[in-house]
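Convert by adding 26 to the 1-based position in the sequence shown; the result is the number in the working numbering.
Okay, structure first, notes after.
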Amino acid sequence: MTKEDLIMQTLHNSTLTEELRDSEIDQLASLITVRDYKAGEYLLKPGDAVLKDALLILGSGDVEATANTGGEEMTLHMLQPGDLAGIIGFVGGNVMQISAVTQAKTDSKVLVLERSKFESLINSNPAIVYYVMRGIVRYVHGIVRRMNTQSVEMSNYIYKTKGRF
């Protein structure tokens, strides 16, 4: 599969572009580059400013987001093709406050959308910017819903098992 095919396939399957027309997806695709990661390489890690202003979209491979909680490494999410990473830096948040690590578990291809390139659309095609940002919000909302569900399930499990001991 060519890089162009990977970009188009990934964008068409991502929540990022749900509201875009094909011509708008083509315009967004022209701003994206593809980076290859070997198994074990970090896409993002605390203090690393290499891609601090970029939105990463998994094209292929296995990528894991983890966090260190009390000295123990905990998996937050196994990314699927089309999933996003680097959202905080992309939207202008302080990347120095990020504690999660994103690492390729297998050889992976990642689409990279640099904020500066994306912002070039503000004057020429603001609708793309608006709809992509709505897609990012929907994606983040999905993460929050999933984490809330997991928290409730964990609380229910703890509550139910508490009475057994």
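Where is the CB? At the ideal position from N, CA and C, for every residue including glycine.
CA-CA distance, Thr-28 to Arg-47, rounds to 22 Å.
Between the C-alpha atoms of Ser-150 and Ala-130 there is a straight-line separation of about 35 Å.
In the DSSP assignment, Ala-55 falls within the unbroken alpha helix (DSSP H) covering 48-55. Of all alpha-carbon atoms in Gly-66, Ser-86 and Ser-125, the one lying nearest the alpha-carbon of Pro-107 is that of Ser-86. For Gly-168, the number of other beta carbons within 10 angstroms of its own is below 16, and it is reported as exposed. For Ser-134, the enclosing beta strand (DSSP E) starts and ends at 134-140.
With a beta-carbon spacing of about 22 Å, Val-155 and Leu-84 fall beyond the 8 Å limit used to define contacts. For Met-100, the enclosing beta strand (DSSP E) has its first and last residue at 98-105.
Across the set Val-138, Arg-164, Val-178 and Lys-71, the C-alpha of Lys-71 shows the shortest separation from the C-alpha of Ser-125.
Between Leu-82 and Ala-111, the C-beta gap is smaller than 7 Å, which places the two residues in contact. Within the same chain, and ignoring the five residues on either side of Val-127 in sequence, the residues whose Cβ sits closer than 6 Å to its Cβ are Lys-71 and Thr-92.
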